[in-house]
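Going line by line, the protein sequences match chains A and B.
Note that my numbering gives residue 219 to position 46 of the first sequence, counting from 1, and the numbers run on in steps of one.
Note that my numbering gives residue 95 to position 49 of the second sequence, counting from 1, and the numbers run on in steps of one.
For each residue, glycine too, the CB sits at the ideal point set by N, CA and C.
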Amino acid sequence: KAGVTQTPRYLIKTRGQQVTLSCSPISGHRSVSWYQQTPGQGLQFLFEYFSETQRNKGNFPGRFSGRQFSNSRSEMNVSTLELGDSALYLCASSLSGTPYEQYFGPGTRLTVT
Amino acid sequence: GQNIDQPTEMTATEGAIVQINCTYQTSGFNGLFWYQQHAGEAPTFLSYNVLDGLEEKGRFSSFLSRSKGYSYLLLKELQMKDSASYLCAVFEGGSQGNLIFGKGTKLSVKP
Chain A
174 KAGVTQTPRY
184 LIKTRGQQVT
194 LSCSPISGHR
204 SVSWYQQTPG
214 QGLQFLFEYF
224 SETQRNKGNF
234 PGRFSGRQFS
244 NSRSEMNVST
254 LELGDSALYL
264 CASSLSGTPY
274 EQYFGPGTRL
284 TVT
Chain B
47 GQNIDQPTEM
57 TATEGAIVQI
67 NCTYQTSGFN
77 GLFWYQQHAG
87 EAPTFLSYNV
97 LDGLEEKGRF
107 SSFLSRSKGY
117 SYLLLKELQM
127 KDSASYLCAV
137 FEGGSQGNLI
147 FGKGTKLSVK
157 P
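This is the structure:
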């Protein structure tokens with residue numbers, strides 16, 4: 174069974190631009206969660222989608238948004254990029270949304286200059 | 047507030063035993079997870095504790111005390127490949143809860 178895939182793996186953007194990241198979950202998994210990982214803050218929860226609905230949201234500004242498609246693939250978007258948005262963005266998928274069987278993707282490394 | 051504390055770095059010798067501690071204060075609790083993350087890679091699941099006590103899985107064991115808000119991950123017979131960051135995470139609860147992570151403990155295993 175293929176694992177969680179994320180594209181692109183690396184991205185360099187300029188302050189003020191916007192970016193869209195993609196996550197394809199494990200086949201059959203309906204929940205996708207997104208996390209931001211930085212050296213200073215560690216892993217922080219962004220939001221979770223289940224069956225195309227956002228079920229849970231972390232404490233991030235509205236510049237961070239996401240969506241999920243009918244095939245469970247998910248995208249997250251960050252608008253008006255700031256230098257502090259430079260991070261590793263990880264997505265994780267699971268069957269039902271609880272973290273008991275949550276599998277992480279390799280992440281997208283975003284650098285904002 | 048929500049707070050999960052674990053040491054930033056630890057060093058141990060190959061073949062030895064190391065214990066990585068985690069203390070937490072969260073608004074809800076429905077389980078504690080440990081993940082391993084090698085540099086540049088995704089976190090991988092190690093263990094899950096929801097009841098007090100010790101869970102053993104091969105060379106790795108995890109302990110939980112809910113009354114003390116405390117957990118530890120015990121790694122035995124350390125190998126060089128165990129050099130990684132170890133993340134403690136609390137699941138706040140409910141089917142729609144989310145994981146709250148500590149900042150991770152970077153473990154270096156020396157020969």
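- Taking C-beta atoms as the reference points, GLN179 (chain A) and THR284 (chain A) fail to come closer than 8 Å.
- The shortest CA-to-CA distance from ASN250 (chain A) to any of A:LEU263, A:SER243, A:ARG236 and A:LEU261 is the one to A:ARG236.
- Between VAL64 (chain B) and LEU124 (chain B), the C-beta spacing is below 8 Å.
- Here ALA265 (chain A) is buried. Its C-beta has 16 or more other C-beta atoms within 10 Å.
- With respect to SER154 (chain B), THR57 (chain B) sits close: the two C-beta atoms are nearer than 8 Å.
- Taking all protein chains shown into account, GLY99 (chain B) has fewer than 16 neighbouring C-beta atoms within 10 Å of its C-beta and is therefore exposed.
- About 7 Å separates the beta carbon of GLU248 (chain A) from that of LEU194 (chain A), a gap short enough to meet the 8 Å contact definition.
- Assigned with DSSP and collapsed to three states, LEU254 (chain A) falls in coil, not helix or strand.
- GLY257 (chain A) has a beta carbon lying at 8 Å or more from every beta carbon in chain B.
- The beta carbon of ARG112 (chain B) lies closer than 7 Å to those of PHE75 and ASP98 in the same chain, with the five residues before and after it left out.
- With a threshold of 8 Å between beta carbons, SER195 (chain A) makes no contact with chain B.
- In the three-state reduction of the DSSP assignment, GLU55 (chain B) falls in the strand class, which pools E and B.
- LYS156 (chain B) carries a strand assignment under DSSP once its states are collapsed to helix, strand and coil.
- Bounds of the beta strand (DSSP E) holding THR281 (chain A) are 281 to 285.
- Sequence-distant partners of LYS156 (chain B) (beyond 5 residues in either direction) whose C-beta falls short of 6 Å from its own C-beta, in its chain, are THR59.
- At a cut-off of 8 Å between beta carbons, TYR94 (chain B) contacts chain A.
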